[in-house]
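Q: Quick note, the sequence shown lines up with residues 1 to 272 if you use UniProt numbering.
Ideal placement from N, C-alpha and C gives every residue a C-beta, glycine not left out.
Okay, handing you the structure first.
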Amino acid sequence: MIAANRANWDARVPVHLDGGYDLDALRAGQQRLADFEYAAVDVRDRDVLHLQCHIGTDTICLARHGARAVGLDLSPASVAAARGLAAECGVDVEYVAAAVDDAVDALGGRRFDVVYTGKGALCWLPDLTAWARVVADLLRPGGVLHVVEFHPLMNAAADEQSWPEVVLDWPYLPSGAIRVESAESYAGSGELEAPVSYEWTHGIGTVIGAVTGAGLRLTSFAEHDVSPWRRWPDMAAAGDGWWTWPGGVPRLPLLYSLRAQAPGWTSTSRRA
C-alpha cells in the first residue's frame, strides 16, 4: 500500500506543477502558511524538519521565515520538484527522499529543534504510534512537534452536501486502510498515471494518544474554522486564499493545530 501511495504521489507531481498550487505566487514571495501557524512556533534560526513535504511549498515558506529547513517525502518525483522549486525561489532548503518510517536513518541520526507536519499528511500513515516514535527520535531535547492538519470532521464530510445540513460519509475513527481509485487529484488538471492510493482515518484522540504515548508533552491544541483547501465550491472566502463554511452552516472545525514538546526543556531553552 505504501508503494502504491509512492507511485500515486509521483504521478501527482506534474499535475500539481501545472497550475495546481499557484506556484507563480509562491515564486513572487507569497506565504502559504496562516498567521496562526507562524505564531505557534518560533522557527527563526532553528533547525526545522518538514515531514511529508511533497513539492516543498510550505518548506520554502518556513525557510523564508528564517528556518534552516529540511523537507522529507516518500516520493522521489516530489523531492526532485521541490529542489527545483526552491532553486527558482532562491531559497536554501535541503530535501531528502524517504518514507517517514525511514526518516531517522535517512537523515543520518540528525535531530531538529522543530518537526513540522502540514495539512493532508497524516491520512497517508497507517500507524500514528510508529509515526510519533519517529518524531520523538528526530527531536532534540526540548524540541517541538508542530502539527497543522485537516480536522477529521472535515475529512468525514461528504463531497456532495445539502446545506445547511452537513452530511458525513467517511469514517472519523480508525477503520483500517481505505482504497481510493481516482484519476484526478485535489489540485491541477490532468489524469494520474497511478490512480490507486490508500488512506487511513485518525480521530483527534488517536493523534493525541500517539503523541503523548511517545513521551512528548502536549502544550497546545486548537481547532480552526478556516481551510486552505476549497473543499466545496460554495465555501465562503476568508481572505488570503483561505476558505470557511458557507453562510448558515454550523461552525464545525476545518483544521486543528497541535504542539508538543520533547523532554529536556530548561528555563534557558529558547521559547518553543
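Over the uninterrupted beta strand (DSSP E) stretch that includes Asp73, give me the two end residues.
A: Segment 68-73, the beta strand (DSSP E) holding Asp73.
Q: For the putative contact between Cys53 and Arg32, defined by C-beta atoms under 8 angstroms, what is the C-beta separation to the nearest angstrom?
A: Contact flag wrong, Cβ pair sits at about 12 angstroms.
Q: With a threshold of 7 angstroms, establish whether the CB of Leu128 neighbours any heavy atom of the ligand HEM.
A: No copy of the ligand HEM appears in this structure; indeed no ligand is present at all.
Q: Beta-carbon of Ala39 versus every beta-carbon of chain B: anything under 8 angstroms?
A: No chain B is part of this structure, which consists of one protein chain only.
Q: Compare the beta carbon distance of Ser220 and Phe36 with 8 angstroms and say whether it is the shorter of the two.
A: The answer is no: Cβ separation not under 8 angstroms.
Q: By Cβ distance, which residues of its chain are closer than 6 angstroms to Ala222, with the 5 residues on each side in sequence left out?
A: Contacts found: Ser257.
Q: Tell me the residue span of the alpha helix (DSSP H) that contains Val114.
A: Not the alpha helix (DSSP H): Val114 falls in the beta strand (DSSP E), residues 112-117.
Q: With a cut-off of 8 angstroms on the beta carbons, I'd call Glu199 and Val180 a contact; round off their distance for me.
A: At roughly 6 angstroms, the Cβ-Cβ gap stays under 8 angstroms, so Glu199 and Val180 are in contact.
Q: Under 8 angstroms between the Cβ atoms of Val41 and Val147?
A: Taking 8 angstroms as the Cβ cut-off, Val41 and Val147 do not qualify as a contacting pair.
Q: Give the C-beta separation of Leu125 and Trp131 to the nearest angstrom, bearing in mind that I take them to be a contact with Cβ-Cβ under 8 angstroms.
A: Leu125 to Trp131, Cβ: 5 angstroms. Contact.
Q: If you draw a straight line from the C-alpha of Asp24 to the C-alpha of Val93, how long is it?
A: In a straight line, the C-alpha of Asp24 is about 18 angstroms away from that of Val93.
Q: Between which two residues does the beta strand (DSSP E) holding Thr219 run?
A: 217-224 is the span of the beta strand (DSSP E), which, as asked, contains Thr219.
Q: Considering just the uninterrupted stretch of the alpha helix (DSSP H) at His16, what are its terminal residues?
A: It spans 2-17 - the alpha helix (DSSP H) in which His16 sits, taken as one unbroken run.
Q: Cβ of Gly118 within 8 angstroms of Cβ of Asp58?
A: Yes, they are a contact pair.
Q: Should Thr201 go down as buried or exposed, given a rule of 16 or more other Cβ atoms within 10 Å for buried?
A: The residue in question, Thr201, is buried, as its Cβ has 16 or more Cβ neighbours within 10 Å.
Q: Could you compute how far the alpha carbon of Ser162 sits from the alpha carbon of Val15?
A: Rounded to the nearest angstrom, the two C-alpha atoms are 30 angstroms apart.
Q: Could you check what DSSP says for Tyr172 in three-state terms: helix, strand or coil?
A: The answer is coil: DSSP assigns Tyr172 none of H, G, I, E or B.
Q: Taking three-plus beta-carbon pairs below 8 angstroms as touching, is the stretch 76-88 in contact with the stretch 145-160?
A: Contact between the stretch 76-88 and the stretch 145-160 is absent, because fewer than three Cβ pairs lie under 8 angstroms.
Q: Cβ of Pro250 within 8 angstroms of Cβ of Met235?
A: No, the pair does not count as a contact, with Cβ atoms beyond the cut-off.
Q: Which residue's Cα is closest to the Cα of Trp244: Arg133, Asp47, Asp225?
A: Looking at the sequence itself, residue 244 is Thr, so the reference to Trp does not match. Closest by alpha carbon: Asp225.
Q: Could you name each continuous alpha helix (DSSP H) segment of 4 residues or more that falls completely within the stretch 14-54, going from the start of the chain to the end?
A: List check, alpha helix (DSSP H) in window: 23-27, 35-40.
Q: Going by DSSP, name the residue or residues bridged to residue 301.
A: Residue 301 falls outside the range modelled here, since the chain spans only 1 to 272, and no answer is possible.
Q: Going by alpha carbons, who is nearest to Trp242 out of Leu252, Arg46, Arg230?
A: That would be Arg230, whose Cα lies nearest to the Cα of Trp242.
Q: If you count every other CB in all the chains shown that lies within 10 Å of the CB of Asp73, and 16 or more means buried, which is it?
A: Asp73 is buried by the Cβ-count criterion.
Q: When DSSP labels each residue in this structure, what does Pro164 get in the three-state scheme?
A: Note: Pro164 maps to coil in three-state DSSP.
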